[in-house]
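>
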Amino acid sequence: MRDLLRIRDLRISFDLPEGRLEAVRGVSFRVPAGRTVALVGESGSGKSVVSQAIMGILPRTARIDAGRILFHDPVLAADRAETMIDIAALHPDSAEMRAIRGGRISIIFQEPMTSLSPVHTVGNQICEALQLHRRVSDAEGRALATEMLRLVGFPDPDKALKTYPFELSGGLRQRAMIAMALVCRPALLIADEPTTALDVTIQAQILKLIKDLQAELGMAVLIITHDLGVVANVADEVVVMYHGEVMESGALEDIFHEPKHPYLQALLRAVPRFHMKPGERLVPIREIRQRDDSAFLGKAKAHDNQGGGTLLKVEHVSKNFTIRKAGLFNNDKAGSLLAVDDVSFTVRRGECLGLVGESGCGKTTLSKMIMRALKPDSGSITYMDKESGGETDVLKLEGDDLMAFRRKIQFVFQDPFSSLNPRMTVGDILAEPLLIHGVGTAAERRQIVEELMGVVGLNRNHIRRYPHSFSGGQRQRIGIARALALHPQLVICDEPVSALDVSIQAQVLNLLKDLQRDLGLTYIFISHNLAVVDYIADRIAVMCCGRLVEVAPRAQLFRAPIHPYTKALLAAVPEPSLDQRLDLTALLQGRASEPGAWPEPFRISGESRLTMIELGEGHFVRAHENAAEELTRCYAQISSSTAATQKAEV
Amino acid sequence: MSDRDLLPGERLDHYVNDGPFDPYEVEKLTPQQERYYRASEWRIMWWRFCRHRVALWSGVFLLLVYASVVICEFVAPYNLHSRDIQHIFAPPQTLHFFHEGEFIGPFVYGFDTEMDMENLQRVYKPNPDKVQPLRFFCRGDPYKFWGQVDADLHLFCPAERGTAFLFGTDRLGRDMMSRIIYGARISLTIGLIAVAISFVLGVVIGGAAGYFGGFIDALTLRSIEIIRSFPEIPLFMTLSALLPVTWSPIGVFAGISIIIGFLEWPGLARAVRAKILSLREEDFTTAAQLMGASPARIIGRHLLPSFTSHLIASVTLSIPTAILGETALSYLGIGLRAPVTSWGVVLNEAQDITVVAVFPWLLLPVVPLFLVVLAFNFLGDGLRDAADPYK
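These protein sequence lines map, in sequence, to chains A and B. With my numbering applied, the first sequence corresponds to residues 1 to 650, in that order. With my numbering applied, the second sequence corresponds to residues 1 to 391, in that order.
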């Protein structure tokens, strides 16, 4: 078994408007045939640039300055004099390069939404990949494509051939993408963040699929990711990159059992994991240098949360979206989508409520209804303000009352790139809420803005910079600072860290925790990642398909999850450790998020109404009323036995 | 990192980079980056625009042309209306610098005129003895600068008792070059005025359609489709036929600008609508709404600034259409009418194919028209490429 790919001292630079950027600075590593190599690093570390160089698809502004990318492929070598092909020396448009690209080396991208053509069927696209590289008749091509679709797990491959990408879910699209990449039986598959855009349960399935296919087709895989949990579950060898250089590389066991380089050690420390000790803090690679003397923290009287009590009460809220069936002449036939179904919960003063669920489960719709950006069809939302002493019916607010209410609840967006207006300086962005609510004079506003920047650990000299000059984490901090500007009581964070690298994620999570403590904030923290929620939340609500399925204090939920969906979610989070690999059988073969596939008494089908059943200790689960007694008994049993084992461990 | 080939199945060495490690390294900025990051949108656009050489030179060319429009009385060697009945349909005089191997600066050879009785046509022959050097910053034909101030200073004029018809003369013996220079004033400004009208209409109508959606949007789109379905030239003809013949030349000028402006807005309105639709979905717009900003503030502070650059680019691209529209109308004799002089009016003389065959220089206004339209297109392309610096 020889090395399939060997990269020697590769150097790549970019010619950017802001100057020359050395993205890859002398990187060397190997990919042995039939094995999996993981390329790990933060965004901007140059890992994707390396993969683009291997594929010969570098952007036009990039240049390979030095180094070699040696590709040794037994199939290609058979009809060539030399056995090694130096990809770095090939012209990207040459016939040789085109034969390698897609034929011998394939790539799958992060976004399954945009990497498939929306106007061609899946079968069409797979056959095209095939016909570019091999001489096959249409019938043969279709047969091979069907075979490939079956291999990647489409239940009905013949039908799948004729579907268009928009008819498929994200997970199936990524499977179709993999089928397209593998149909020519490449020697090397490059997977560039293949699961980052997917939900955890789907992620686990796709990772398993890649492993299975690798065993079956005998190809090598170069997986590019920032998620050490993924690495621990799939890789044989690991290369850790930082700022265009390799920091550490070695076999999987070496990397996880004996991390030596401070960067890798820091990366491992920054990942939130289950079973962290109470009060244990994540250690980010770059601590936020928050200014202690920040006047904002001193002056702002922290909200008084003494005595707890309820801050926000959501009762029986439902929301339907009507979908217009676009016909040429009749657009009156409307379907509807139940986005949020009969959701009730309360948020206590000063706590952090974690809202967990997969994409499309209605978390964001729910938060928008609380923010009054959407109107629910039915139900009520009540806000209880201690300072003014009254209960506010949020849904009935108008005019000045609504303006006043907006100051109390603020929102942190998921995407740090589109949530900041690119044409305003940071100073203007942070001053905008103050301006809209007419706070202070220009000088006072400037003072507040500077303090805000200090609070989130940004350099005050950057006040005149534009958002495009900041990294994702810094932008997210700007978003947080903007949310804090009006001294809100409740901050809704909609997936605030899911677009960020692990290292930055720890930084932002710590910042949110500190701010909650210092300013007496209440959070609703929305995420699809249970490990993250476990780190920050006090109570957790699990949502699936528009319904709350389980609500419990953090410790209870992790100690004794009752609902099958919660269990599947817990099992699907990849941990950055070799001792706890993913167990795929717990994922119900990918049907964890179908309410119809849950076992009794949790199954939702037809007209049977389920209710939230209290099991004790503030633990609620959605199930059939008849099963209440049995579940309560069962819960008491599990919960006491796990408590006992935990005590024994201590 | 080890460079030797590993043997089959050999375990990979555990390599650790022993270079210095600074986790804050990635946050450091070079002065160049700092400068770029503090630059406003317009500055970055300017930097990107400058890299587009052709667009930059087109811009310079257009600036020069528009500068000459402002002072066309001074730039033109003759008055718009001066006739030289001795030189009717005179061909262009070639500009020379050397006479019998000797440098004497720019000059022309005077004409010897004779009548060709066979074709009943005057024949002009340059006479090498009549050396007529051009004069610069000289007193020549009197004119009223901007119709107000009496003056007679010209950039250059013919020699005393000489001629300088560099582009030839027309059937009344008027200097074509001067007519083209004067014509630019009307042709180029009518483009700007028409586009200004269509700009206002396009932004208001398209903006309303995009922001409010629903019925307003549907109504706008349908009207755009209807307006777009009319064949252009007959529509132009009908509309300009409606302008009363008794109107003053200025009235006709205004009327034509308005007609062109009214027919140009749909394209712009569509562009504005599409842009607003996509921007309305951006998170920063939602953020502003959640902060409690009013629709006026959201449009004015967040949406409009995000696509002014796009607007400028599309406006630049629609100016040449307006210029061409005016030229076409006037050429057909249904737009501006003499004594107003635009390129279309000048070209109006060149409608007869036999005239064009014998006196081809009557087609010369096409050259500046072509250059200006081309330059506007290059400029617009460059602006469009530079328009969104955050892609």
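Just so it is clear, CB atoms sit at the ideal spot from N, CA and C, and this is done for glycine as well.
By how many angstroms is the C-alpha of Pro416 of chain A removed from the C-alpha of Ala499 of chain A?
Counting from one through the first sequence, the residue named residue 499 of chain A turns up at place 499. Counting from one through the first sequence, the residue named residue 416 of chain A turns up at place 416. Going by the C-alpha atoms only, they are around 8 Å apart.
> With a 10 Å radius around its C-beta and 16 neighbouring C-beta atoms as the bar for buried, classify Ser13 of chain A as buried or exposed.
As a working mapping, residue 13 of chain A is identified with position 13 in the first sequence. Buried: at least 16 other Cβ atoms inside 10 Å.
> What is the residue span of the beta strand (DSSP E) that His619 of chain A lies within?
If you number the first sequence from 1, residue 619 of chain A lands on position 619. Here His619 of chain A belongs to no beta strand (DSSP E), and DSSP marks it neither H nor E.
> List the endpoints of the continuous alpha helix (DSSP H) containing Gly653 of chain A.
No information on residue 653 of chain A is available, as it lies outside the stretch 1 to 650 that chain A covers here.
> Applying the 10 Å Cβ sphere with the 16-neighbour rule, what's the burial state of Cys50 of chain B?
The residue you call residue 50 of chain B lines up with position 50 of the second sequence. Result: exposed.
> If Leu63 of chain B sits next to Leu166 of chain B, beta carbons under 8 Å apart, how far is it from one beta carbon to the other, in whole angstroms?
Counting from 1 along the second sequence, the entry for residue 63 of chain B is found at position 63. Counting from 1 along the second sequence, the entry for residue 166 of chain B is found at position 166. With 8 Å as the limit, Leu63 of chain B and Leu166 of chain B do not qualify as a contact, their Cβ atoms being about 23 Å apart.
> Going along the region 221 to 254 of chain A in order, which residues come within less than 7 Å of chain B, judged by CB to CB distance?
Cβ contacts with chain B come from Glu237, His243, Glu245, Val246, Met247, Glu248, Ser249, Gly250, Ala251 and Asp254.
> Where DSSP assigns a beta bridge to Cys493 of chain A, which residues make up the other side?
Here residue 493 of chain A refers to the residue found at position 493 when the first sequence is read from its first residue. BP columns for Cys493 of chain A point to A:Val412 and A:Phe525.
> For Glu18 of chain A, decide whether its Cβ has a neighbour in chain B, counting only Cβ atoms nearer than 8 Å.
For this step, residue 18 of chain A is matched to residue 18 along the first sequence. Chain B contact via Cβ: present.
> Whole angstroms are fine: how far does the CA of Ala555 of chain A sit from the CA of Ile504 of chain A?
Working through the first sequence from its first residue, we reach residue 504 of chain A at position 504. Working through the first sequence from its first residue, we reach residue 555 of chain A at position 555. One C-alpha to the other measures close to 25 Å.
> Would you check if the distance between the CB atom of Leu521 of chain A and the CB atom of Arg482 of chain A is smaller than 8 Å?
What you label residue 521 of chain A is simply residue 521 of the first sequence in a count that begins at 1. What you label residue 482 of chain A is simply residue 482 of the first sequence in a count that begins at 1. No.
> For Thr61 of chain A, count the other beta carbons within 10 Å of its own beta carbon; 16 or more makes it buried, fewer makes it exposed. Which is it?
As a working note, residue 61 of chain A is residue 61 in the first sequence. Thr61 of chain A is exposed by the Cβ-count criterion.
> Could you spell out the range, first to last residue, of the beta strand (DSSP E) harbouring Pro133 of chain B?
Here residue 133 of chain B is taken as the residue at index 133 of the second sequence, counted from 1. Where Pro133 of chain B is concerned, the enclosing beta strand (DSSP E) stretches over Gln121 to Pro133.
> Assuming contact is defined by CB atoms lying nearer than 8 Å, are Val502 of chain A and Ala270 of chain A in contact in what I supplied?
Residue 502 of chain A sits at position 502 when you count from the first residue of the first sequence. Residue 270 of chain A sits at position 270 when you count from the first residue of the first sequence. Yes, the Cβ-Cβ distance between Val502 of chain A and Ala270 of chain A is below 8 Å.
> Only counting the same chain, and skipping five residues up and downstream in sequence, which positions put a Cβ closer than 8 Å to that of Phe307 of chain B?
The residue labelled residue 307 of chain B in the question sits at position 307 within the second sequence. If we look at Phe307 of chain B and ignore the five residues flanking it on each side, its Cβ neighbours are Val272, Lys275, Ile276 and Leu279.
> Could you pull out every residue in the same chain whose Cβ sits closer than 8 Å to the Cβ of Leu10 of chain A, ignoring the five residues on either side in sequence?
Here the question's residue 10 of chain A lines up with position 10 in the first sequence. So the list reads Val24, Gly26, Val27, Ser28, Val50, Ala53, Ile64, Ala66, Gly67, Arg68, Ile69 and Ala88, once near-sequence residues are dropped.
> Please look up how many angstroms separate the CB atoms of Lys363 of chain A and Pro488 of chain A, rounded, as I've assumed it's under 8 Å.
By 1-based counting over the first sequence, the position of residue 363 of chain A is 363. By 1-based counting over the first sequence, the position of residue 488 of chain A is 488. Actually they do not touch by this definition, with Cβ atoms about 19 Å apart.
> Whose CA, out of A:Ser115, A:His120, A:Phe274 and A:Gly141, lies closest to the CA of Ile178 of chain A?
Working through the first sequence from its first residue, we reach residue 178 of chain A at position 178. Ranking A:Ser115, A:His120, A:Phe274 and A:Gly141 by Cα distance to Ile178 of chain A puts A:Ser115 first.
> Check whether chain B comes within 8 Å of Ala197 of chain A, counting only Cβ atoms and requiring the distance to be less than that.
Residue 197 of chain A sits at position 197 when you count from the first residue of the first sequence. No, Ala197 of chain A lies away from the interface with chain B (no Cβ there is under 8 Å from its Cβ).
> Round the Cβ separation of Asp192 of chain A and Phe109 of chain A to the nearest angstrom and send it over; I've been treating them as touching at under 8 Å.
Within the first sequence, residue 192 of chain A is the residue found at index 192, counting from 1. Within the first sequence, residue 109 of chain A is the residue found at index 109, counting from 1. Contact flag correct, Cβ pair sits at about 5 Å.
> Among residues of its own chain, excluding the 5 on either side of Thr566 of chain A, which ones have a beta-carbon nearer than 8 Å to its beta-carbon?
Stepping through the first sequence from its first residue, residue 566 of chain A is reached at position 566. Cβ within range, chain order: Val542, Val549, Glu550 and Leu557.
> Fully enclosed by the region 235 to 294 of chain A, which alpha helix (DSSP H) runs are 4 residues long or longer?
Segments of the alpha helix (DSSP H) lying fully in the region 235 to 294 of chain A: 252 to 257 and 262 to 270.
> Does the beta carbon of His302 of chain B come closer than 8 Å to any beta carbon on chain A?
Walking along the second sequence from the start, residue 302 of chain B turns up at place 302. His302 of chain B counts as touching chain A.
> Give the residues from the region 364 to 378 of chain A that approach chain B closer than 7 Å (Cβ to any Cβ), ordered along the chain.
Correct list: Met371 and Ala373.
> For Gly292 of chain B, does the three-state DSSP call read helix, strand or coil?
For this step, residue 292 of chain B is matched to residue 292 along the second sequence. Residue state, collapsed to three classes: coil.
> Using beta-carbon positions only, say whether Gly261 of chain B and Ser187 of chain B come within less than 8 Å of one another.
As a first step, residue 261 of chain B must be located in the second sequence, where it is residue number 261. As a first step, residue 187 of chain B must be located in the second sequence, where it is residue number 187. For Gly261 of chain B and Ser187 of chain B, no; Cβs fall outside 8 Å.
> Can you give me the C-alpha to C-alpha distance between Met369 of chain A and Val340 of chain A, rounded to a whole angstrom?
Locating residue 369 of chain A in the first sequence gives position 369, where the first residue counts as 1. Locating residue 340 of chain A in the first sequence gives position 340, where the first residue counts as 1. Cα-Cα distance, rounded: 10 Å.
> In whole angstroms, what is the alpha-carbon distance linking Phe620 of chain A and Ile562 of chain A?
Translated into positions along the first sequence, residue 620 of chain A becomes position 620. Translated into positions along the first sequence, residue 562 of chain A becomes position 562. Going from the Cα of Phe620 of chain A to the Cα of Ile562 of chain A covers about 9 Å.
> Check whether the region 34 to 50 of chain A and the region 231 to 241 of chain A touch, using three or more Cβ-Cβ pairs below 8 Å as the test.
Because the criterion of three Cβ pairs below 8 Å is met, the region 34 to 50 of chain A and the region 231 to 241 of chain A touch.
> Taking Ala33 of chain A as the reference, give the member of A:Ala139, A:Leu21, A:Met403 and A:Phe71 with the closest Cα.
Numbered from 1 along the first sequence, position 33 holds the residue referred to as residue 33 of chain A. Of A:Ala139, A:Leu21, A:Met403 and A:Phe71, the residue nearest in Cα terms is A:Phe71.
> Does the beta-carbon of Ser294 of chain B have 16 or more other beta-carbons within 10 angstroms, so that it is buried, or is it exposed?
Within the second sequence, numbered from 1, the residue matching residue 294 of chain B stands at position 294. Exposed, since its Cβ has fewer than 16 Cβ neighbours within 10 Å.
> Is there a C-beta anywhere in chain B that falls below 8 Å from the one on Met403 of chain A?
For the purposes of this step, residue 403 of chain A is taken as the residue at position 403 of the first sequence. Closer than 8 Å to some Cβ of chain B, the Cβ of Met403 of chain A qualifies, so yes.
> Within a Cβ cutoff of 7 Å, which residues of the same chain sit near Pro266 of chain B, ignoring the five residues on either side of it in sequence?
On the second sequence, position 266 is the one that residue 266 of chain B refers to. The residues are Ile224, Ile227 and Arg228.
> Quick one: complete alpha helix (DSSP H) runs, 4+ long, within the region 185 to 240 of chain A?
Whole alpha helix (DSSP H) segments, 4+ residues: 200 to 217 and 228 to 234.
> At which residues does the beta strand (DSSP E) containing Phe14 of chain A begin and terminate?
Here residue 14 of chain A refers to the residue found at position 14 when the first sequence is read from its first residue. Phe14 of chain A -> beta strand (DSSP E) spans Asp3 to Leu16.
> Give, in chain order, every residue of the region 417 to 431 of chain A whose Cβ lies closer than 7 Å to some Cβ of chain B.
Residues Ser418, Ser419, Leu420, Asn421, Pro422 and Arg423.
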